[in-house]
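Chains as they are written, first to last, in our numbering: chain A, 252 to 635; chain B, 252 to 635; chain C, 440 to 783; chain D, 440 to 783. Scroll down for the structure; my scribbles are underneath it.
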Amino acid sequence: MKDLPDFNAMSDADFRTLARDFVETNYPDIPRYSLSRLHWEDVKPWYLVLSEHGWICPTWPRQHGGMGLTAGKHLILIEEFERFGAARVNDIGPVMLGPLLLKYGTEAQKAEFLPKILSGEHVWAQGYSEPGAGSDLAAVRCEAVLDGDEWVINGQKTWCTLGMDANWIFILARTDKTVKKQAGISFLLVPMDAPGVTTRNIENLEREAEFCEVFFDDVRVPADYIVGGVNEGWTAAKALLGHERVFIGAPRLSSAAMTRLKRIALRAGAWHDPVFRDRYVALQSDVADLGDLFETYVDMLRDGRPIGADVAMLKIFQSELYQRISELMMEVAGEDAGLAQPPEADRQLHAAATWLSARPTTIFGGSTEIMRNMLAKAILDLPS
Amino acid sequence: MKDLPDFNAMSDADFRTLARDFVETNYPDIPRYSLSRLHWEDVKPWYLVLSEHGWICPTWPRQHGGMGLTAGKHLILIEEFERFGAARVNDIGPVMLGPLLLKYGTEAQKAEFLPKILSGEHVWAQGYSEPGAGSDLAAVRCEAVLDGDEWVINGQKTWCTLGMDANWIFILARTDKTVKKQAGISFLLVPMDAPGVTTRNIENLEREAEFCEVFFDDVRVPADYIVGGVNEGWTAAKALLGHERVFIGAPRLSSAAMTRLKRIALRAGAWHDPVFRDRYVALQSDVADLGDLFETYVDMLRDGRPIGADVAMLKIFQSELYQRISELMMEVAGEDAGLAQPPEADRQLHAAATWLSARPTTIFGGSTEIMRNMLAKAILDLPS
Amino acid sequence: MADGLVEEWVENARMIVESARAIVPADGALDRVRKARFDGPGYDRAVMAEAGELGLFLMRVGEEAGGLGLGMRETCELARVLGRGLLPEPVLPAIMAGALLQEHMPEAAMKGDQVITWAWQDAPGALTWQGAGRKLAVQGATGADLFAVVSGDGLALLPRDAVTLNAAETLDGGQLCSISYAAPDAQHPCPAAQSVLEDATLAHSAYLLGLSERALEITLDYLRVRKQFDRPIGSFQSLQHRATEIKVSLELSRAAIFATARRFDTGADALTRARGAARVKLRAAELAMHVSREAIQMHGAMGITDEADIGLFVRKAMAEANLFGAPRVLRARLAELLDEGEAA
Amino acid sequence: MADGLVEEWVENARMIVESARAIVPADGALDRVRKARFDGPGYDRAVMAEAGELGLFLMRVGEEAGGLGLGMRETCELARVLGRGLLPEPVLPAIMAGALLQEHMPEAAMKGDQVITWAWQDAPGALTWQGAGRKLAVQGATGADLFAVVSGDGLALLPRDAVTLNAAETLDGGQLCSISYAAPDAQHPCPAAQSVLEDATLAHSAYLLGLSERALEITLDYLRVRKQFDRPIGSFQSLQHRATEIKVSLELSRAAIFATARRFDTGADALTRARGAARVKLRAAELAMHVSREAIQMHGAMGITDEADIGLFVRKAMAEANLFGAPRVLRARLAELLDEGEAA
């Protein structure tokens, strides 16, 4: 790993140039602008390049091997990587687990796990959801019982994104059945090669194995593979949901989709149709308004102000907007909307791919319905 | 009153011609195509003409002074009157109370009240709603206590449409407070000149006195001014909600609004704008589809089949469609949308009048929300 | 409309649907549908043979030409049932080929021994059939033996080896083809071409209606049993209200399809036919995509898996909603007809 | 954007709003608003005089011309507060007149001793100001003493007796006028006309934002207290979800208005300004009508009475949502700009 400059001391413009040069220079020969997630075998070269340059964990403190970026600088990095079309790496370790260990982990845990995230030796999966629980994350039934100096885990997790690529998984497990839902949950770290761990792939609507189920059958892990204390896993897990919410609401997905929509319209001869344009500019205005709302949250992050529950509005609007753009794409694509493969072998022209990829955005990460329930109570102060 | 021909023996086409001739020949010199309800003083000449010819109560049996029309013939009559733009008379007596008395009234009640509805001597108001109860009609607090051979009524009714024009009102009153909501309600007839009855007009959003509140302060009516038995008013009141629901869902309001929309668009220079046309034809398709759905219910009426709870779909779609048409009107009207008076003194060109008149359609007669609740349970079999 | 006539089509439709149960059982056969996906033409020629034996391809062949001479109401009722079962076989295209060919419909195609389809569309997003030499969006072409092709020159019946196929896999696991062909020697005059296109548009709408109907049922079943926060999710008012919105669209679509079919059967004029086909298809396409969006959302995470049956409906809707005109094309058509209506 | 600058406009806006409290109290003055309706010009000249004394009409007059030289962020913050209180007086038109006139703004108009407004619009549904002799949709004209009129010939300051008013009552109880006038002798060049029109569009959007904000608050209050079926209606999920939809639009509108105002204040190019004004107005107009529809529906029967205060907001929204361009006009403008963006 190289010695890193003090990124935060740079001007935004200089850092932007640096990030752009970095990705242009170092991006390996793997797909760009992929609408679906790449698997570890495909994206690994990029992970390793980032790792090698010390760029794999932008938000971690420098003393732990991160770039120590402020929220503002981090945003610039994301923008430049997305502008280039860099693939998203398996980032559950860098984005989810790392910050959690930094906040709640023991020194031993930090020493054991952080370096292996940085190096790519550990690829992590997230085990929160369970079958039948959906957005009710606290309805954890997967159980862990302390037996001597080991936790014995039984149960099932599902919707583990790219879980088939992971060699470790963190899970929420019930460690006390006598208390109310949230109170008896612990956060455990489990190697996926432990005896009793099995997985089953789940194909998404695009018929790609994006998720897996993970089954735990008398799986044993050391007692100290627990983060945040026994029965305190819920607090730890919830604490992570702050900053990410802002980035989920970024206008990038939608603005990139508008560019594809324009190309699809040009191909269909609709670009100069006033009726199409009427809808196009309405969506374009929506994207621009979303951008302005997004910036107000970025300013908060930049100023270190706390992000409130109202940030859910960003996610709600962004995800529904992305879907509406995809719906206009489908309509404009005409007969080609139904094709399984991209026209002219160009994914950018594939309306269905965007339509399908837009579906999970209103379901995962807190469904739109759950978010609206929450907003109604927390922000609009409406009664239960 | 003239001797009436056997209307039901006529062909539909012949009856349509007859109805058209009738309205063209007999309609008095009062406004046509009024978007708002006319008051008694304005519409009385038309009521009296209808009365004089025996056409005021189309659905009543002939032996009681009605026309005895089948549902199919009645529909034709309505169509022809609306095509001509005939004003709607104060029809609560002919439409609501008459059929109720015919079904639940005593012979004495029929003899006393039916002729006076026919002649226009009694103009009736409906007293169902109460302040704060909204769509929860069973939440009746207005109270009637039997004192000797008189009911003593105390309480308040509201949203009595054209109540200021009425000299009689029928009300739902609570006559037993010890049983559950629907069970302790009676249906009473009250002369509005009885001591203790006072009214207060309510102006609608168009600043016209369309409704009134009616207050009852120790109002006394004879014990036999009750219809359907003590504590059985709810059954009687509910039984009336059948056929009307079909007519509320008729496409006429919307299709007439489309004609006005076209004129407003022509005036605004938007009629040939492809963007406007795209929306216009979408609405036009909606109106046509509604017409087809409406016909399926008319067929049921014609065949004497029962109308199910699903008829609420007609009202939901018709009222929301009418509103959507009015919204496009407002947009096309541009700066003129905000004017209090019709452009060129032509009500047909007054977008705001349609917009405002479209608002109550989703609120009164069962709000869209209540209807959707009901449909979800009764038709979609979704759980409570 | 006299009562006797109503009864007659209802009874005919009942009989057709009953016999069609052999290929599209009332409880669905989604396992077969799933297996047929992404495998050759995406459908089973044996099922086409069975459909032929049942006489389905004779529905729109006149009695004088040896067919059943049934109406569009019966055809729509059948199409609705096919849609409910997501039948992948090109039964409707074969019926439309029969409607075009009439007495020229080959015996083997009538019986389903040979698979027949038809081709009409000139260009992407076009509702015109007058061009020749190349046709787009031909359903069931991979696996077909015969092609009834309409153009401004008339109607040609082409064998498989007279056409060049350009096949593309569709989301539902079938194939949609463009075909090119040399001008054939024999062409029949085909005055009914426009009218068959409108019939086909209507029947396709009925297929989408059936698909939507069943997708809603499956979704309602899920809402009734799936629990979250210790309540069936179907008890949440917001989902209830959204479900009623789908239901209203569905009933509008049903009413519009069968009223339009009645008009077609009882001699509607050209403008009424053109408007009716476009309007009914507009509603059905929007319904199918509306149901699809909500079905996925209401199924939650299950909704975005390929293993859930609801996905079969969604992918079929995506594959077929825009055939016979995407909504924007249909609205543009209706806008043109606005002026024709004016002139008339 | 450096922190210092943020602070400065926020502080300025705070001061302006604080002084404006004299004419638009924080708790609203809807009784006064109600009484002013349908009475003469529909507003109170004494309130205009007070606004003048408070210096509001100097906001957009440069410091070198004796004004306050404040930015669009401060102006939007003021406009938002005026909208919350449904202030009927033409304060924003007077500010825009000042922005046009700069050093030519008459002393009496600055102080509010004379009521000034401005006129720009050439034709129904047009966003152009280059024509002369007749101007439409002039706000506050009945009751005004002075008219700042922009045309392709420049900027004219006309006294009341130089213009012929054609007044029409508006739904909110005010009046909207078209004016005609003879070509005046003295005209100033007015290079800022287009820019002031964009500023005015933005400020008007902020007025609609304030109106919407307060209408939502009143509706939420009603949802919290109003009971049906023994529950507050605000506890029903379907209404909750619809209320969050309004809230999201509201926050988008707020963010877009203030971000656009910042761009205006910090030197945006012509295309950015044109797009910004149209987009912000599009959102605000749709927001105001969206809130209006839902506010009525959520108020139930109360919502359709004139006596409920919510109706004042609805009628104001209806009267003003289309000024500076109805949504369809704005989308058409944005569609034109699409090509300019392409060319650039």
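Heads up, the beta-carbon is just placed ideally off N, CA and C, and yes, glycines get one too.
Measure the CB-CB distance between D540/B and R770/C and report whether it falls below 8 Å.
Remark: C-beta atoms of D540/B and R770/C do not approach each other more closely than 8 Å.
Out of L689/C, A601/C, A727/C, state which residue places its alpha-carbon closest to the alpha-carbon of A625/C.
Looking at the Cα atoms, A601/C is the closest of the given residues.
Could you work out which residue in A452/D, S677/D, L566/D, A740/D is closest to E775/D when comparing CA atoms only?
Closest by alpha carbon: L566/D.
Where do the N-terminal and C-terminal ends of the alpha helix (DSSP H) with K513/A fall, by residue?
Segment 503–519, the alpha helix (DSSP H) holding K513/A.
Verify the CB distance criterion: does A580/D have a CB-CB separation below 8 Å to chain B?
It does not: the Cβ of A580/D has no partner Cβ on chain B nearer than 8 Å.
Threshold first: 4 residues or longer. Then list the alpha helix (DSSP H) segments lying entirely within the stretch 527–595 of chain A, N to C.
Runs of the alpha helix (DSSP H) spanning 4 or more residues and lying entirely within the stretch 527–595 of chain A occur at 563–584, in chain order.
Buried versus exposed, by CB contacts within 10 Å (16 or more), E450/C:
It is exposed - the Cβ of E450/C has fewer than 16 other Cβ atoms within 10 Å.
Residue closest to Q578/D, alpha-carbon to alpha-carbon, out of T603/D, K755/D, G613/D
With distances taken between Cα atoms, Q578/D lies closest to G613/D.
How far does the beta strand (DSSP E) with A629/B in it extend, from its first residue to its last?
Per DSSP, A629/B is not a residue of any beta strand (DSSP E); the alpha helix (DSSP H) it occupies stretches across 619–629.
Quick check: V538/A and G500/A, are their CB atoms within less than 8 Å of each other?
Result no, Cβ atoms of V538/A and G500/A do not sit closer than 8 Å.
Which same chain residues end up closer than 7 Å to L544/A when comparing Cβ atoms and leaving out the 5 residues on each side of it in sequence?
The residues are L565.
Limits of the unbroken alpha helix (DSSP H) element including L710/D
Element bounds for L710/D: 709–738.
I455/C and E489/C look like a contact to me (Cβ under 8 Å); what is the Cβ gap, rounded to whole Å?
14 Å between Cβ atoms; not a contact.
Drop a sphere of 10 angstroms on the beta-carbon of E620/B, count the other beta-carbons inside from all chains shown, and report buried for 16 or more, exposed for fewer.
A residue is called buried once 16 or more other Cβ atoms fall within 10 Å of its Cβ, and E620/B is buried on that count.
When we look at the beta-carbon of Y548/B and count the other beta-carbons within 10 Å, is it buried (16 or more) or exposed?
Y548/B should be labelled buried.
Between H680/C and chain D, is the shortest Cβ-Cβ distance under 8 Å, so that the two count as touching?
Yes, because at least one Cβ of chain D sits closer than 8 Å to the Cβ of H680/C.
Extent of the continuous beta strand (DSSP E) run through T412/B:
Residue range 401–412 is occupied by the beta strand (DSSP E) that includes T412/B.
Looking at the C-beta of D529/A, does it have a partner C-beta in chain G at a distance below 8 Å?
The displayed structure is made up of protein chains A, B, C and D, and chain G is not among them.
Per DSSP, what are the beta-bridge partners of Y620/C in this structure?
Listed as beta-bridge partners of Y620/C by DSSP are V602/C.
A783/C by DSSP, collapsed to three states: which one?
Any reading at A783/C needs caution, since the residue's pLDDT is 42, under 50, leaving its predicted position unreliable; the model's value is listed next. In the structure shown, A783/C sits in coil (DSSP, three-state: anything other than H, G, I, E or B).
Kindly indicate which residue of G317/A, P296/A, P312/A has the alpha-carbon position closest to the one of W306/A.
Each of G317/A, P296/A, P312/A was checked against the Cα of W306/A, and the nearest Cα belongs to G317/A.
Checking the sheet assignment: what are the DSSP bridge partners for T609/C?
Per DSSP, the beta bridge partners of T609/C are L590/A.
Taking 8 Å as the CB-CB limit, is D387/B close to chain D?
With its beta carbon less than 8 Å from one in chain D, D387/B belongs to the interface.
Using a Cβ cut-off of 9 Å, pull out every chain D residue sitting near E454/B, in sequence order please.
Here the neighbours are T744, D745, E746.
At least 3 beta-carbon pairs within less than 8 Å: the stretch 425–439 of chain B vs the stretch 479–490 of chain B:
Between the stretch 425–439 of chain B and the stretch 479–490 of chain B, the count of C-beta pairs closer than 8 Å reaches three or more; the two stretches touch.
Any chain D beta carbon closer than 8 Å to Q592/B:
For Q592/B, the answer is yes, since a Cβ of chain D falls inside 8 Å of its Cβ.
Answer with yes or no whether the minimum CB distance from E775/D to chain B is below 8 Å.
Chain B, which has no Cβ nearer than 8 Å to the Cβ of E775/D, makes this no.
Reduced DSSP category for V472/B - H, G, I as helix; E, B as strand; rest coil:
When DSSP states are grouped into helix, strand and coil, V472/B belongs to the strand group.
Does the beta carbon of P525/B sit closer than 8 Å to a beta carbon anywhere in chain D?
Chain D places no beta carbon closer than 8 Å to that of P525/B, leaving this residue out of the contacts.
Which one or two residues does DSSP pair with P671/D in a beta bridge?
Looking at the DSSP assignment, P671/D forms a beta bridge with K666/D.
For H627/C, which beta-bridge partners are listed by DSSP?
Assignment of beta-bridge partners to H627/C by DSSP yields L594/C.
For the structure I just gave you, are there three or more beta carbon pairs, one from the stretch 583–593 of chain D and one from the stretch 547–562 of chain D, closer than 8 Å?
Judged by Cβ distances under 8 Å, the stretch 583–593 of chain D makes contact with the stretch 547–562 of chain D, as three or more pairs qualify.
Considering only residues of the stretch 354–440 of chain A, which uninterrupted alpha helix (DSSP H) runs meet the minimum length of 4 residues and lie entirely inside it, listed in chain order?
Runs found: 358–370.
Please confirm whether S674/D has its beta-carbon closer than 8 Å to some beta-carbon of chain A.
The beta-carbon of S674/D is placed less than 8 Å from the nearest beta-carbon of chain A.
At the level of alpha carbons, what is the spacing between A519/B and V583/B?
Distance between the alpha carbons of A519/B and V583/B: 7 Å.
Beta-carbon spacing of S380/A, W410/A below 8 Å:
Closer than 8 Å, so yes.
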